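Data block below; observations after.
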Amino acid sequence: MIREMTAQDEKRYLDMGQEFYSSNAVLHPIPREIYHKNFQEMLQGSPYIKGYIIEKDGQTAGYMILSFTYSSEVGGMVVLIEELFLHENFRGCGLGTEALDFVRKQFPHAARFRLEVTPDNGGAARLYARKGFEPLDYRQMVIDPPAESR
Numbered sequence: 020m021i022r023e024m025t026a027q028d029e030k031r032y033l034d035m036g037q038e039f040y041s042s043n044a045v046l047h048p049i050p051r052e053i054y055h056k057n058f059q060e061m062l063q064g065s066p067y068i069k070g071y072i073i074e075k076d077g078q079t080a081g082y083m084i085l086s087f088t089y090s091s092e093v094g095g096m097v098v099l100i101e102e103l104f105l106h107e108n109f110r111g112c113g114l115g116t117e118a119l120d121f122v123r124k125q126f127p128h129a130a131r132f133r134l135e136v137t138p139d140n141g142g143a144a145r146l147y148a149r150k151g152f153e154p155l156d157y158r159q160m161v162i163d164p165p166a167e168s169r
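Counting in the working numbering, the sequence shown runs from 20 upward without gaps.
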């Protein structure tokens, strides 16, 4: 089962986020206060971010964070699968596929679904390829203004 996060999910999200950002799924960890900020944005109903808890047999199996933007390249909304995390004992049992299918069904009018995968995360890359995701050969560049200016 996949459901939207609620206030009662804060601790489990923070713990899973810590595990996610300590794994080979990401290039570097992020400060824990960012998890808190993200969680508050989700709870306040931000149009830019949604969080989901993934459950199996009454247990928390993982979580997923989506964000939303518009792309002039495809002329429509883009759903970014920012984070898709499953506890190790829940990997390989179809929950990743279920999560990706869920996103497609929840946002049928999206013009693009996008995600990132690190070179070291081969299992995730294989899942994404099986679900039809293809490499997008742009080299991304970012600049993060100082936190106090945001």
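C-beta: ideal position from N, C-alpha, C; glycine also.
None of the values given here were measured: they were computed from a predicted structure.
Problem set entry | Own chain partners of Leu46 with C-beta closer than 7 Å, once the 5 adjacent residues on each side are dropped | So the list reads Thr137, once near-sequence residues are dropped.
For this session: Could you tell me the distance, in whole angstroms, from the CA atom of His128 to the CA atom of Tyr89?
Result: Rounded to the nearest whole angstrom, the C-alpha separation of His128 and Tyr89 is 12 Å.
Problem set entry | Tyr54 and Gly81 closer than 9 Å at C-beta | No, the Cβ-Cβ distance between Tyr54 and Gly81 is not below 9 Å.
Exercise. When DSSP labels each residue in this structure, what does Gly95 get in the three-state scheme?
Worked result: In the three-state scheme derived from DSSP, where H, G and I count as helix and E and B as strand, Gly95 is classed as strand.
Exercise. So who's on the other strand from Tyr89, going by DSSP bridges?
Worked result: Tyr89 pairs with Met96.
Exercise. What are the start and end residues of the alpha helix (DSSP H) that includes Gly64?
Worked result: Annotation for Gly64: no alpha helix (DSSP H) segment contains it, and DSSP assigns it neither H nor E.
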